[in-house]
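Heads up: the sequence lines are chains B and Y, in that order. Here numbering that gives the first Met the number 0 is used: position 29 in the first sequence is 28, and no number is missing along the way. Here numbering that gives the first Met the number 0 is used: position 101 in the second sequence is 100, and no number is missing along the way. Glycine is no exception: its CB is placed at the ideal position from the N, C-alpha and C atoms.
Number of protein chains: 2
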Amino acid sequence: MDRNGIQEGSAQSDAVGELAEMLGPRGILTSPQDCARYASDQSGLSGVLPLAVLRPATTEEVSHILRICSRHHVGVVPQGGRTGLSGGACSPDGVVVLSTERMSGILEVDPEAMTLTTWAGTPLETVQEAARAAGLQYPVDIGARGTATIGGTIATNAGGIRVLQHGMTRASVLGLEAVLADGSVVSRLGKTVKDNSGFDLKQLFIGSEGTLGIVTRAVLQLCRHAPQTALALFALPDHAAALKCLAAARQRFGARIMAFEGMWPDYWDFVCHETSLAAAPVAGRHGFYLLIEIEAGSGGSEEELEAFFAELFEAEVVEDGVLAKSLGEMQALWRVREAVGEIDEDFGPHINFDIGVSPSELGRFCDAADALMADMPEVRGALKVGHVGDGNVHLIVAHDGSAVAEERIEVVIYGLLREWDGAVTAEHGIGRVKARWIAHSRTPEELALMRRLKAQLDPLGLLNPGAVLSAAD
Amino acid sequence: MDRNGIQEGSAQSDAVGELAEMLGPRGILTSPQDCARYASDQSGLSGVLPLAVLRPATTEEVSHILRICSRHHVGVVPQGGRTGLSGGACSPDGVVVLSTERMSGILEVDPEAMTLTTWAGTPLETVQEAARAAGLQYPVDIGARGTATIGGTIATNAGGIRVLQHGMTRASVLGLEAVLADGSVVSRLGKTVKDNSGFDLKQLFIGSEGTLGIVTRAVLQLCRHAPQTALALFALPDHAAALKCLAAARQRFGARIMAFEGMWPDYWDFVCHETSLAAAPVAGRHGFYLLIEIEAGSGGSEEELEAFFAELFEAEVVEDGVLAKSLGEMQALWRVREAVGEIDEDFGPHINFDIGVSPSELGRFCDAADALMADMPEVRGALKVGHVGDGNVHLIVAHDGSAVAEERIEVVIYGLLREWDGAVTAEHGIGRVKARWIAHSRTPEELALMRRLKAQLDPLGLLNPGAVLSAAD
Chain B
0 MDRNGIQEGS
10 AQSDAVGELA
20 EMLGPRGILT
30 SPQDCARYAS
40 DQSGLSGVLP
50 LAVLRPATTE
60 EVSHILRICS
70 RHHVGVVPQG
80 GRTGLSGGAC
90 SPDGVVVLST
100 ERMSGILEVD
110 PEAMTLTTWA
120 GTPLETVQEA
130 ARAAGLQYPV
140 DIGARGTATI
150 GGTIATNAGG
160 IRVLQHGMTR
170 ASVLGLEAVL
180 ADGSVVSRLG
190 KTVKDNSGFD
200 LKQLFIGSEG
210 TLGIVTRAVL
220 QLCRHAPQTA
230 LALFALPDHA
240 AALKCLAAAR
250 QRFGARIMAF
260 EGMWPDYWDF
270 VCHETSLAAA
280 PVAGRHGFYL
290 LIEIEAGSGG
300 SEEELEAFFA
310 ELFEAEVVED
320 GVLAKSLGEM
330 QALWRVREAV
340 GEIDEDFGPH
350 INFDIGVSPS
360 ELGRFCDAAD
370 ALMADMPEVR
380 GALKVGHVGD
390 GNVHLIVAHD
400 GSAVAEERIE
410 VVIYGLLREW
420 DGAVTAEHGI
430 GRVKARWIAH
440 SRTPEELALM
450 RRLKAQLDPL
460 GLLNPGAVLS
470 AAD
Chain Y
0 MDRNGIQEGS
10 AQSDAVGELA
20 EMLGPRGILT
30 SPQDCARYAS
40 DQSGLSGVLP
50 LAVLRPATTE
60 EVSHILRICS
70 RHHVGVVPQG
80 GRTGLSGGAC
90 SPDGVVVLST
100 ERMSGILEVD
110 PEAMTLTTWA
120 GTPLETVQEA
130 ARAAGLQYPV
140 DIGARGTATI
150 GGTIATNAGG
160 IRVLQHGMTR
170 ASVLGLEAVL
180 ADGSVVSRLG
190 KTVKDNSGFD
200 LKQLFIGSEG
210 TLGIVTRAVL
220 QLCRHAPQTA
230 LALFALPDHA
240 AALKCLAAAR
250 QRFGARIMAF
260 EGMWPDYWDF
270 VCHETSLAAA
280 PVAGRHGFYL
290 LIEIEAGSGG
300 SEEELEAFFA
310 ELFEAEVVED
320 GVLAKSLGEM
330 QALWRVREAV
340 GEIDEDFGPH
350 INFDIGVSPS
360 ELGRFCDAAD
370 ALMADMPEVR
380 GALKVGHVGD
390 GNVHLIVAHD
400 GSAVAEERIE
410 VVIYGLLREW
420 DGAVTAEHGI
430 GRVKARWIAH
440 SRTPEELALM
450 RRLKAQLDPL
460 GLLNPGAVLS
470 AAD
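Structure representation (structure tokens):
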């Protein structure tokens, strides 16, 4: 047994044998060809071929799996759609993968309570569509919506483009069922919005990336489907102007602001000019770009956004802008922002930082990072795009592909972040890729408490070993 | 040492002596006259005179207190404004009380980040006023706002009248500092809205009623202060009509619905007719009453509410209604709802149930409870008032004041609630009053996990002993 408590050799094959017997042929994959695609996620980290891929169909089977794996000391990596960017679903050596792909489907939509009950393996987009079919909306939205599963978005507390209006995934989870390392099932699938009857246990499983338990079912809070929205793109002199714009938008539109996305000129130029990933909706060079979406009000939201633009243009906060007049124009504006998902090939080897600081300090943090990187020969280019209202920037830094360059850039950027008391990951999660940097965002006391929780809930260290808290901490 | 691990006799006086030396004369009260008012809260439960009342002024002093109390095995009851309704701040035998009354004051308001940083002992109303002075709003609001502290509202995850729009207190806490039983300080006072860098530890301390740690400081998320609101009272045939009204309001006003409060005729008649606690804003007998508040839209919200009423009146969902035309009329309408805080003397001995069920089932649950109570001679009257959108009813049941009647009524109502899979407390908390009923809302697996968390974070059982999880479970 190694230091993580994970068993090797014959105990592993005993475990796989027992699992195969319990799950039946549809419930387990063991051939290297079948297992290969389950080794890694979208982080760029290469996983090791798992001992087996388990495909349980019920909560009871997940419970049985964890009992068997506990008995044999075999680690379990839970997997949803493998769209994570931090390696949380990559398999280390000597583990089984537990995929929720057969635990899929909507269990109920309750329009009066505005809730949706679902299996963890249901794709996010399926949930969004089921909500829409009931005239409602599930507000969590990310680019990987077609593949990412609800269980994965809960385990990673996914963020995305609607956080300003609706919060992170945590804010939309009403009820949850999870299986602990010892196989016990902790289930609370009520639709009760308010429930202070003891500790709120579901919070343990939201955002802990499968290290404290495996999510099997959830009750989600739906909200109204905005009947009509308006979308505009503003060009501004700098990030400080974007903050003024945000304050003015909050005064004018309040909770009707659906998205408030920011793009720095480095990113804008790359997707609109250096590549043909998107067409530039406004001409000329500007210091900052904002994509603003609001829910329609009784006054007609396009007119409202137009009046808002006029006021800010008059006050010299905004330099230029364009208002989408059709669904096609809306898609074209969103395209500039969503092109971030396709820069990979054109931009070369890079690190995708997912940084969170106080929203009021985001611009100054980016300036400080740019100043540091200007002196670094390792840096071949940097793009910045993010969520202005949330204090979250995706800083994408190109380098020569060497481990040395990567290390040096990470040391500098995470070092700066530590000085700013920011988050090494705002929404992508720690996973395995950022586990070595967690102490840049957390105090020794916080890490000690995390380890105490992990030791209490998973004393053998079987659940997603190496994710979030690495053994080296 | 008794079964809770709490020390008795000379060890207690050793502990008090050490605490007095560390805290100095302003930091500790020991005379029975001074300590008496700290024994109980607003639950009606009588606490025992504490060994001493500790009044730390800093986080460091709280840490020292917990180290000393751990060494001597002396239990600690944390206290904010003692406005709780579940006995969570009542002191059992042989403990010290830790009051946050000297850890009071706003530390910072950041208008750009829309955050407010405060000591735990600051009254809720002081926080609300500081937010308003910056043109913003702290949305958590409860009747006890003048006395309840921020720390207390966080420890109990307070609900109130703005939950429909802004969620429970949990949704407004961005950063938190808490002291564990062993004196270690877990502090994360950043203003970062999005932070997935490891487990979200603050969730442990929100709503756990001081049993896992003592909250010392917090960063709160502020929101826009609605420039203008409109308020109406609708009279309807029954609760089913109120649900129709809610669905229609959500379609029309979306996130602009600020309050959606329900009153059953038993409550209405008691405050408006049987007593003079409030004046009836509409005449005649109706099956249900709704207080609806919305944020002003660009169309002028009074006109919007009027049009909304006309549509529902036409559809025979609403029977009558009144729209507040002035601040005075708004206060008069709110008065009917807020009179619930003053029924005590007129209504005689009673149990204040704080029940949560699925919002879609709230009306049927209340009908079922009424049907059961109709056959119970112990029941002298019942009033129902609550938060329609949240599935939360305050069912107030009068009895003869005997323990036998109280027991019988609790057995029946909580028994019914168990069948409906509801919450024995939606917003008031378990405290000491409801600790014996927690298993009616939680499975054995959930309770086992709660006990594991408690054992890990507070192995000696010193933090708020007897609250939430009783030793008898």
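Does residue i pass the burial test, meaning 16 or more other C-beta atoms within 10 Å, or should it be called exposed?
i, result
"Y/P31", "exposed"
"B/S9", "exposed"
"B/R131", "exposed"
"Y/H272", "exposed"
"Y/L326", "exposed"
"Y/Q41", "buried"
"B/R187", "buried"
"Y/L461", "buried"
"B/K324", "exposed"
"B/E60", "buried"
Going by beta carbon distance, what residues of the same chain come within less than 8 Å of residue i, once the five residues before and after it are set aside?
i, result
"B/Q127", "Q136, Y137, D140 and R144"
"Y/D106", "Looking at the sequence provided, one finds Leu at residue 106 of chain Y rather than Asp. Around Y/L106: T116, T117, W118 and R216."
"Y/H224", "A130, R131, G134, L135 and Q136"
"Y/L235", "A241, C244, H285, G286, F287, Y288, L289, V316, V317 and E318"
Do you know how far the Cα of residue j is from the Cα of residue i?
i, j, result
"B/L382", "B/W263", "7 Å"
"Y/I149", "Y/E328", "30 Å"
"B/S207", "B/P24", "31 Å"
"B/S171", "B/Q220", "5 Å"
"B/R441", "B/L448", "11 Å"
"B/W419", "Y/L203", "25 Å"
"Y/G261", "B/Q227", "30 Å"
"Y/V392", "Y/M257", "18 Å"
"B/V270", "Y/A425", "50 Å"
"B/A331", "B/L322", "11 Å"
"B/R249", "B/R255", "8 Å"
"Y/A247", "Y/G87", "39 Å"
"Y/L371", "Y/G212", "40 Å"
"B/E176", "B/G93", "27 Å"
"B/M21", "B/S98", "16 Å"
Leaving out the 5 sequence neighbours to the left and right, which residues in its chain are closer than 6 Å to residue i when beta-carbon positions are compared?
i, result
"Y/D1", "Confidence is the limiting factor: at Y/D1 the pLDDT is only 46, short of 50, which leaves the residue's position unreliable, though a coordinate-based value still follows. Nothing listed; no residue qualifies."
"Y/G347", "A397"
"Y/S300", "A229 and I293"
"Y/G80", "T146, A147, T148 and G151"
"Y/M375", "none"
For residue i, which residues does DSSP report across the bridge?
i, result
"Y/K383", "Y/L394"
"B/F233", "B/L289 and B/G320"
"B/V178", "B/V184 and B/I213"
"Y/F259", "Y/I291"
"Y/H349", "Y/A397"
"Y/A422", "Y/G355"
"Y/Q78", "Y/S98"
"B/V218", "B/T116 and B/G174"
"B/R223", "B/L135"
Return no unless some Cβ of chain C is closer than 8 Å to the Cβ of residue i.
i, result
"Y/T215", "In summary, chain C is missing from the structure at hand, where the protein chains are B and Y."
If I measure Cβ to Cβ from residue i and keep anything under 7 Å in the same chain, skipping five residues before and after, which residues do I get?
i, result
"B/T152", "L123, V139 and T168"
"Y/Y413", "V423, W436 and H439"
"Y/L344", "Going by the sequence as given, residue 344 of chain Y is Glu instead of Leu. Closer than 7 Å at Cβ, skipping near neighbours: no residue."
"B/G385", "G261, N391, V392 and H393"
"B/A14", "I67, C68, H71 and V73"
"Y/P458", "none"
Under 8 Å by Cβ, that's how I've got residue i and residue j pegged, so tell me the actual separation to the nearest angstrom.
i, j, result
"B/G355", "B/G421", "6 Å"
"B/C244", "B/V316", "6 Å"
"B/G46", "B/S90", "4 Å"
"Y/I291", "Y/F198", "No, Y/I291 and Y/F198 are not in contact; Cβ-Cβ is about 39 Å, not under 8 Å."
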